[in-house]
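**Student:**
Protein chains: 2
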Amino acid sequence: MLRLNRTSVTAWIAVVAVIAGLSYVLIGAAVRPASAQPNAPAARVEFTADGKLKQPVGYRKWMYIGTPLTPNDMNDGEASFPEFHEVYMDPESFAHYEKTGKFRDGTVLVKELSSVGSKEAPSGKGYFQGEFTGLETAIKDSKRFKDEPGYWAYFSFGHEYPLKKEVSKGAVASCNQCHETNAGKTDWVFSQYYPVLRAAAPK
Amino acid sequence: MLRLNRTSVTAWIAVVAVIAGLSYVLIGAAVRPASAQPNAPAARVEFTADGKLKQPVGYRKWMYIGTPLTPNDMNDGEASFPEFHEVYMDPESFAHYEKTGKFRDGTVLVKELSSVGSKEAPSGKGYFQGEFTGLETAIKDSKRFKDEPGYWAYFSFGHEYPLKKEVSKGAVASCNQCHETNAGKTDWVFSQYYPVLRAAAPK
Chain X
1 MLRLNRTSVT AWIAVVAVIA GLSYVLIGAA VRPASAQPNA PAARVEFTAD GKLKQPVGYR
61 KWMYIGTPLT PNDMNDGEAS FPEFHEVYMD PESFAHYEKT GKFRDGTVLV KELSSVGSKE
121 APSGKGYFQG EFTGLETAIK DSKRFKDEPG YWAYFSFGHE YPLKKEVSKG AVASCNQCHE
181 TNAGKTDWVF SQYYPVLRAA APK
Chain V
1001 MLRLNRTSVT AWIAVVAVIA GLSYVLIGAA VRPASAQPNA PAARVEFTAD GKLKQPVGYR
1061 KWMYIGTPLT PNDMNDGEAS FPEFHEVYMD PESFAHYEKT GKFRDGTVLV KELSSVGSKE
1121 APSGKGYFQG EFTGLETAIK DSKRFKDEPG YWAYFSFGHE YPLKKEVSKG AVASCNQCHE
1181 TNAGKTDWVF SQYYPVLRAA APK
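Protein chains in written order, with the working numbering: chain X, 1 to 203; chain V, 1001 to 1203.
1) Using the rule of at least 16 other Cβ atoms within 10 Å of the residue's Cβ for burial, across every protein chain shown, is V/Y1151 buried or exposed?
2) Straight-line CA distance for X/N182 to X/I139?
3) Looking at X/Y127 and X/Y88, is the spacing between their C-beta atoms short of 9 angstroms?
4) Anything in chain C within Cβ reach of V/C1178, meaning under 9 angstroms, just list it in chain order.
5) Let me know if V/K1045 comes out buried or exposed under the rule of 16 or more other beta-carbons within 10 Å of its beta-carbon.
6) I'd like the ranges of any alpha helix (DSSP H) spanning at least 4 consecutive residues and lying wholly in the stretch 1081 to 1149 of chain V.
7) Looking only at DSSP bridge pairs, what is V/V1045 linked to?
8) According to DSSP, is V/V1189 part of a helix, a strand, or is it coil?
9) Could you please give me the residues that DSSP links to V/K1054 through a beta bridge?
10) Confirm, please, whether the CB-CB distance from V/N1075 to V/P1082 is below 9 angstroms.
11) Can you give the Cα-Cα distance for X/Q55 and X/D141, rounded to whole angstroms?
12) Name the chain V residues that come within less than 7 angstroms of X/G66, Cβ to Cβ?
13) Go to X/A153, then tell me how far its beta strand (DSSP E) extends in each direction, as first and last residue.
14) Pull up the distance between the alpha-carbon of X/Y194 and that of V/G1051, whole angstroms please.
15) Using the Cα positions of V/T1048 and X/V110, report the straight-line distance between them to the nearest angstrom.
16) Please report how far the alpha carbon of V/G1184 lies from the alpha carbon of V/E1078, in whole angstroms.
17) Give me the residue from X/K165, X/L135, X/S123 with the minimum Cα distance to X/P156.
18) In terms of residues, what are the limits of the alpha helix (DSSP H) holding X/L69?
19) Anything in chain V within Cβ reach of X/V196, meaning under 7 angstroms, just list it in chain order.
20) Less than 9 angstroms separating the beta-carbons of V/E1131 and V/S1115?
21) If contact means a Cβ-Cβ distance below 7 angstroms, which residues of the stretch 1068 to 1080 of chain V contact chain X?
22) Please identify the residue among X/V189, X/A200, X/V196, X/P202 whose C-alpha is closest to the C-alpha of V/P1122.
23) Look at the alpha carbon of V/T1133 and the alpha carbon of V/K1164, and state the distance between them as a whole number of angstroms.
24) With a threshold of 9 angstroms between beta carbons, is X/A200 in contact with chain V?
25) Would DSSP call X/Y194 helix, strand or coil?
26) In the structure shown, what three-state DSSP assignment does X/Y161 receive?
27) Determine the chain X residues that contact V/F1132 at a beta-carbon separation under 8 angstroms, and present them in chain order.
28) Within this structure, are the beta carbons of V/L1053 and V/H1085 separated by less than 9 angstroms?
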C-alpha cells in the first residue's frame, strides 16, 4: 500500500509531463537536420564498394538553384549538355551556403537535363521544357576526392534514357578542367549563372 | 488525504503518458504539414484586409516545377514575361498533387522572372540567367476567388525591381482567359511544359 496525498499525485503527473515534453523537444531536434528546409530528408548520395556513384534519388525536392539552357539548335545540332539544365543542391549544403557563402565539404549538385519540347507557347516564342533526357552530378569531398582539383568530382549518368544506374568519375575527368578554368574563383561553381545562389549568399 | 496503491499510481502515470504521447502525435501533425518535404515551412501567402496579395516570401524553398523561357530577343525585344520563368509550387499542394494528380484548393504557384544574363558560356551557346526582374503568383481558392474561372486568380508584382509590395488581382484579369483557353484541360496549369509535374503525378 502506497500513501500519497493529492500533492504527491500532482507532482508525479508533473514529472511525467515534463519528461514527455522534453522527449518531444529532443526527439524533434534529433529528427530535424540543420536544413534550409527544416526536416527535409537528408541528401542521399551513395557509392558502391568500388567507388561508383549510384544514381541520386529525391533531388527534385532539394534546393533549386538555376536553369542554364544550351539548345541543340544553337549548338550545331548537338549541345554538349542538351538542353535545359535544371540544377539542384542538397538542402543541408544550401543551408551552409546561406550562412557562409561557401560550398561545404560534402556539397552535392545535381544537373538534370531535359529536352526542348516546344519553341512557341501562348506566352510567346522561346524555349519550353519537353522530357527528361539526362542526369549529372558534381560532388565536393575532400576525403573521397582528395586528389581532384578543388576536391570536386563529376559524374554523368548519360544524356538519354534509360540512364546508367551507377557511374565512375573517371569517364568525365575533363569536367574539372573546364570548371577550374572558368569558375575557379567561385569554387568550381558557375555562380554567375545562378541568381538564386547569389541572392542566398550572406551580404 | 488520497489513498492509492502502487497499481493506481502506475495507472495514473500510464494515463498521463498516453495523453502526453497523443499530444505529441497531435501537435506533431499540426506542426507538420502534409508536405513533399516533411516539416517544411507551411506556404505563407497573406492578403491585406482589402484583399490584396502581399508579396510571397520563402518561395525559392518551395518545390521547383520548371523554367519556361521567353527571351526578349525572340519576342521583338519585349517578351510578355521577360525572360526566364522559374516556377515554384507550395510544398503542401505539391504533396497533394503527387498523391492525386490534382491541384488542391489553396494551391499557390509562384513565377519568378529573371533576365538573360549571357548567351554564351563554356557549356555552349544558349541562354543563361542574369538577375531577378519580376514576380507573379497564381492562386487557386474556391472561396476567395469563387467567381473566377477554375477558381484561379493571378497577381503580378511587376517586371522590374523594386517590385510592388502588395497587388490586387484586378490588374491581371486577362491572365485567366489565356490559361483557361490554353491549359483548361489541366486545371489552368501549363503542365505540358513542366516535366517535373508530369513525373510527379500518380501513374
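The beta carbon of each residue, even a glycine, is placed where N, CA and C say it ideally should be.
If you're wondering where the values come from, they're calculated on a predicted model, not measured in any experiment.
**Tutor:** Reading off the structure:
1) buried
2) Whole-angstrom Cα-Cα distance: 17 angstroms.
3) no
4) No chain C appears in this structure, whose protein chains are X and V.
5) Residue 1045 of chain V is actually Val in this sequence, not Lys. Residue environment for V/V1045: buried (at least 16 other C-beta atoms within 10 angstroms of its C-beta).
6) Listed in chain order, they are 1091 to 1100.
7) Answer is none; V/V1045 lacks a bridge partner.
8) coil
9) V/E1166
10) yes
11) 17 angstroms
12) Q1129
13) Looking at the DSSP string, the run of the beta strand (DSSP E) that includes X/A153 is 152 to 156.
14) 34 angstroms
15) 39 angstroms
16) 26 angstroms
17) Before going further, note that residue 156 of chain X is Ser rather than Pro in the sequence given. Among X/K165, X/L135, X/S123, the Cα nearest to that of X/S156 is on X/L135.
18) It is not in any alpha helix (DSSP H) - X/L69 carries neither H nor E in the DSSP assignment.
19) R1060
20) yes
21) P1068, L1069, T1070, P1071, M1074, N1075, A1079, S1080
22) X/V189
23) 12 angstroms
24) yes
25) coil
26) coil
27) P195, A199
28) no
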